[in-house]
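Sequential numbering of the sequence shown, starting at 37, is according to the numbering used here. Reviewing the structure listed below.
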Amino acid sequence: MSKRRATIASVNMHSKKSNHWSLGLVESMKDPECIVKKTKQAVVIKDKYPKAKIHYLVLPNEDINSIYKLDKSHIGLLEEFGDVFNEIQNEEELPVKAGFHAVPSMQRLHMHIISTDMVSPSLKTKMHWNSFTTEFFKPYADVLEELKKNGCINKMSPELHKSLMATELKCNQCTFKPKNMPELKEHLLKHIMN
């Protein structure tokens, strides 16, 4: 292969790699339209596919891949995430919770701040639901405590991950157990109307 062709092939491979959907958060961090607020160490963006009426993502400026790359040197960063969560909690009218997915689908550490109504056109699948309403969603306070205590975050086993994603649907606000997502979504609307 000629030198020129090799260079073009290398550039094309790099372009494809950097445009992979899992890198979307890094791109969103640079987009002023997506940014809600910035702190010294973090950026808050709107989730492009919100799973509730309120859904933000808190990302570090530092390139940290996931909660499993955190160590004790990141405690201050996580405490700053907590400060952001408290600010948003005080600003919003709906109750919100903060946490991390045990098996993140996107590259770059990110904490979800999401309202508990779970009403959104983007909430479509059982997997979406279970990723916010089971142990798969690791609460912020638990992650911070584990990091302080152990200096790292323990990974979830593939068996537990699979089990949690298969958990039967159940309303996160009452005991109702729907047969499917459309029935659950219809039921959730009743909670916000009351």
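We put the CB at the ideal spot given by N, CA and C, even for glycine. Note that the structure is a prediction, hence the values are computed from the model and not measured.
Could you tell me if Asn-126 is buried or exposed, where buried requires 16 or more neighbouring beta carbons within 10 angstroms of its beta carbon? If you number the sequence shown from 1, residue 126 lands on position 90. Only exposed fits Asn-126, as fewer than 16 other CB atoms lie within 10 angstroms of its CB.
Answer yes if the segment 99-110 comes into contact with the segment 183-194, meaning at least three C-beta pairs across the two stretches below 8 Å, and no otherwise. Verdict: yes, contact present.
By how many angstroms is the C-alpha of His-164 removed from the C-alpha of Ala-202? Working through the sequence shown from its first residue, we reach residue 202 at position 166. Working through the sequence shown from its first residue, we reach residue 164 at position 128. Near 11 Å, if we compare the C-alpha coordinates of His-164 and Ala-202.
Same chain, Cβ closer than 8 Å to Leu-61, neighbours up to 5 away in sequence not counted: Mapped onto the sequence shown, residue 61 falls at position 25. Apart from the 5 residues on each side of it in sequence, Leu-61 sits with its Cβ closer than 8 Å to the Cβ of Ile-81, Leu-93, Leu-95, Met-142, Gln-143, Arg-144 and His-146 in its chain, given in chain order.
Contact under 8 Å by Cβ, Lys-133 with Ile-150: Locating residue 133 in the sequence shown gives position 97, counting from the first residue. Locating residue 150 in the sequence shown gives position 114, counting from the first residue. Their beta carbons are under 8 Å apart, which means Lys-133 touches Ile-150 by this criterion.
Express the C-alpha separation of Thr-169 and Asn-208 in angstroms, rounding to a whole number. For the purposes of this step, residue 208 is taken as residue 172 along the sequence shown, with counting starting at 1. For the purposes of this step, residue 169 is taken as residue 133 along the sequence shown, with counting starting at 1. Approximately 7 Å between the Cα atoms of the pair.
Taking the alpha-carbon positions, what's the Ser-102 to Lys-174 distance? Taking the sequence shown and counting its residues from 1, the one referred to as residue 102 is at position 66. Taking the sequence shown and counting its residues from 1, the one referred to as residue 174 is at position 138. If you take the alpha carbons of Ser-102 and Lys-174, they lie about 13 Å apart.
Taking the runs of the beta strand (DSSP E) that are 3 residues or longer, which of them lie wholly in the segment 93-160? The beta strand (DSSP E) runs of length 3 or more contained entirely in the segment 93-160 are, from start to end of the chain, 132-137 and 147-151.
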